[in-house]
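Protein sequences, first through last, are from chains G and E.
Quick note, the first sequence lines up with residues 1 to 170 if you use full-length UniProt numbering.
Quick note, the second sequence lines up with residues 1 to 67 if you use full-length UniProt numbering.
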Amino acid sequence: MNLFKNKIQDERVVNEQNKIYREIYLLIYIICLASVICKFFVYGYFEMEHVATEMIIFLVAGIYYGVRASQKGLFSAEVELHDNKSKWSYQTKTLTSGIVIGVLLGLFFGLNSAYSYADSQSQAIYYFFITFVASMMFYIPILVLVLAISYSSAKKQSDKAVEKQLEDEE
Amino acid sequence: MMKNLKLKVARVEHDLSQAELAKKVDVTRQTIGLIEQGKYNPSLQLCISICKTLNKTLDDLFWQEED
């Protein structure tokens with residue numbers, strides 16, 4: 001007999017516990033984000049080595065959610081609910097977010113380059129624009145491609161999972 | 001798990017597809033499909049919402065007689 005196995009479960013308690021786990025996840029996310037911001041101000045520059053742990057937490061958590069949501073068919077449900085209510089489709093929003101992130105990264109690197117390396121105002125403007133444009137040219141296509149591929153593969157896998165769940169229905 | 005045929009019949013009586021019923025009660029087609037198959041236990045709130053949409057009572061759709 002297993003003394004540690006308690007099979008009695010109250011659904012209200014389980015639901016409340018799940019809510020707490022959700023809050024804990026958000027808390028960890030906020031702590032990681034605060035840690036990244038603090039390190040940026042403490043060191044005065046952005047170095048990947050300093051924030052590797054935080055980045056791993058962000059990335060692995062995101063990827064894990066994406067994979068599990070696709071396996072359980074939740075991603076298709078998210079897309080369906082979103083597309084029923086919104087004027088813009090989920091896919092359009094995903095691709096647009098890739099462009100927006102690319103522009104923001106371009107701005108960040110452009111400003112960083114202008115502040116860190118320029119000696120005069122005209123040089124700062126020149127450095128800003130050259131880095132801004134180059135960063136956008138590099139990041140936007142990569143981000144859009146990565147997001148488009150991950151969207152379509154997640155959707156495909158999720159649709160398959162839904163089909164399997166409902167297959168003996170009719 | 002037992003299939004919920006009463007829900008399926010009531011839905012068909014109203015000439016609604018799973019997707020149409022899902023849209024009316026703000027859930028996905030998958031959720032309605034899983035409820036009909038008896039693979040998902042809906043919350044009381046969702047049950048009431050489905051009943052109101054199909055003009056049925058909770059007993060009509062969700063009470064299952066023991067054999």
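Cβ coordinates follow ideal geometry from the N, Cα and C atoms, glycine included.
Just so we're clear, the structure is a prediction, and the values are computed from it rather than from any experiment.
I'd like the span of the alpha helix (DSSP H) that includes residue i, first residue to last.
i, result
"Asp-83/G", "74-85"
"Glu-163/G", "121-166"
"Gly-38/E", "Per DSSP, Gly-38/E belongs to no alpha helix (DSSP H) and is neither H nor E."
"Ile-30/G", "11-43"
"Ile-56/G", "52-71"
"Glu-49/G", "Glu-49/G -> no alpha helix (DSSP H), and no H or E assigned at all."
So what's residue i in DSSP terms, helix, strand or just coil?
i, result
"Phe-109/G", "helix"
"Gln-64/E", "coil"
"Thr-28/E", "coil"
"Leu-104/G", "helix"
"Leu-95/G", "helix"
"Asp-15/E", "coil"
With residue i and residue j assumed to form a contact (beta carbons below 8 Å), what rounded beta-carbon distance in angstroms separates them?
i, j, result
"Lys-155/G", "Phe-75/G", "6 Å"
"Leu-58/E", "Glu-36/E", "About 16 Å; that fails the 8 Å criterion."
"Val-162/G", "Gly-73/G", "4 Å"
"Leu-105/G", "Leu-147/G", "About 14 Å separates the two Cβ atoms, so there is no contact after all."
"Gln-45/E", "Gly-33/E", "Not really, about 19 Å apart at Cβ, beyond 8 Å."
"Gly-102/G", "Tyr-151/G", "Actually they do not touch by this definition, with Cβ atoms about 16 Å apart."
Residue i versus chain E: which residues are under 7 Å apart at the beta carbon?
i, result
"Val-162/G", "Gln-30"
"Gln-17/G", "Correct list: empty, because the minimum Cβ distance to chain E is about 17 Å."
"Gly-73/G", "Gln-30"
Whose Cβ in chain G lies nearer than 7 Å to the Cβ of residue i?
i, result
"Lys-24/E", "Near Lys-24/E there are no residues of chain G at all, since even the closest Cβ is about 11 Å away, more than 7 Å."
What in chain G is Cβ-close to residue i, meaning under 9 Å?
i, result
"Gly-33/E", "Val-162, Gln-165, Leu-166 and Glu-169"
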